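Asks: Have a look at the structure that comes next, please.
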Amino acid sequence: MSSLNGIQQLNMSGNLAANWQFWRQKFENYLQATEINKKPEVTQCAQLLHLIGNEGIRIYNTFNFEATEKDKINSLLNKFENYFMPKKNLEYERYKFFSRKQIEGESIEQYTTDLKNKALSCEFQLLKDDLIKSIFICGVNSDNLRERLLELENKSLDETIKFAQTIDISREQSKLIKLGKAEKEIELDYVRKEYKH
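For the sequence shown, the working numbering begins at 37 and goes up steadily by one.
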């Protein structure tokens, strides 16, 4: 099962904290997919150091380990975590979440994914889905869609998103119909079928 090709080395440019979080998730999935997680921890540590890249090894060489931490995968991951992850400012994380609005040209899916990712660092616990839903509704860039979403009562976050996606798709289809695109697409399909015969 260890025939998988591995993962790309850690990207050491740009937002290092975000790059590390994403790389760590891919690494942990890789360990499980290849069943390396069932092998001794020293092997798992070696695999991490093999995959992380040259700059990651340079960083590793600066770490100090207690005797009980040596060759322990969780200790190694935590050392990298402490290196890459700055101390979180909860108020700033919440500010970024609460001020998030849909960007022009951004799809409903992209917008909601970003809101959900931003909410992860806000420690909202039980209110997380309700707050995502509220910010989603307030931040959509279509006034008509916002009005329709405000009319919904007692809908979950997933139901609200699904409804917004349906409205968004219907709006796009309506534009195509108004422009006569759907008819032209049908005509092209007919011509293609006729041409094949």
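From the three backbone atoms N, C-alpha and C, an ideal C-beta is built for every residue, glycine too.
Since the structure is predicted, the reported quantities are computational estimates derived from the model, not experimental observations.
Helix, strand or coil: how does DSSP classify residue 68 here?
Replies: Helix at residue 68.
Asks: Just mark residue 39 as buried or exposed, buried being the case when its beta carbon has 16 or more other beta carbons within 10 Å.
Replies: With a pLDDT of 37 at residue 39, under the threshold of 50, the modelled position of this residue cannot be trusted; read the value that follows with caution. Under this definition residue 39 is an exposed residue.
Asks: Measure from the alpha carbon of residue 135 to the alpha carbon of each residue in 58, 155, 85 and 141, then state which is nearest.
Replies: The candidate whose alpha carbon is nearest that of residue 135 is 155.
Asks: Can we say the stretch 88 to 103 touches the stretch 126 to 140, given the rule of at least three CB pairs closer than 8 angstroms?
Replies: Touching, no.
Asks: Between which two residues does the alpha helix (DSSP H) holding residue 77 run?
Replies: Segment 77 to 88, the alpha helix (DSSP H) holding residue 77.
Asks: Among the residues of its own chain, which have a CB less than 7 angstroms from the CB of residue 62, if the five just before and after it don't count?
Replies: Excluding sequence neighbours, residue 62 sits near 43.
Asks: Please report the distance separating the alpha-carbon of residue 100 from that of residue 47.
Replies: Rounded to the nearest angstrom, the two C-alpha atoms are 23 angstroms apart.
Asks: Exposed or buried, residue 78, counting other C-beta atoms within 10 Å across all chains shown (16 or more means buried)?
Replies: Under this definition residue 78 is an exposed residue.
Asks: Output the distance between the C-alpha atoms of residue 187 and residue 55, rounded to the nearest integer angstrom.
Replies: For residue 187 and residue 55, the distance between alpha carbons rounds to 39 angstroms.
Asks: For residue 107, collect the residues of the same chain with a Cβ closer than 7 angstroms to its Cβ; drop the 5 residues on either side in sequence, then sort them by chain order.
Replies: So the list reads 77, 78 and 81, once near-sequence residues are dropped.
Asks: Grouping DSSP H, G and I as helix and E and B as strand, with all else coil, what is residue 159?
Replies: In the structure shown, residue 159 sits in coil (DSSP, three-state: anything other than H, G, I, E or B).
Asks: How would you write the range of the alpha helix (DSSP H) that residue 173 sits in, first residue to last?
Replies: From DSSP, the alpha helix (DSSP H) with residue 173 extends over 164 to 175.
Asks: Less than 8 angstroms between the beta carbons of residue 137 and residue 180, yes or no?
Replies: No, Cβ-Cβ distance for residue 137 and residue 180 is not below 8 angstroms.
Asks: By the three-class DSSP mapping on this structure, what secondary structure does residue 185 have?
Replies: Looking at residue 185 - three-state DSSP - the assignment turns out to be helix.
Asks: Return the CA-CA distance between residue 118 and residue 58, expressed in angstroms with no decimal places.
Replies: Looking at the two C-alpha atoms, the distance is approximately 15 angstroms.
Asks: Closest by CA to residue 161, which one among 141, 110 and 130?
Replies: Checking every option, the nearest Cα to that of residue 161 belongs to 130.
Asks: Please confirm whether residue 169 and residue 149 have their CB atoms less than 8 angstroms apart.
Replies: No, the pair does not count as a contact, with Cβ atoms beyond the cut-off.
Asks: Let's test the definition: count the other Cβ atoms within 10 Å of the Cβ of residue 37 and tell me whether it reaches 16, buried, or not, exposed.
Replies: Residue confidence for residue 37 is low, a pLDDT of 35 falling below 50, so the modelled location carries little weight; the figure read from the coordinates is stated next. Residue 37 is exposed by the Cβ-count criterion.
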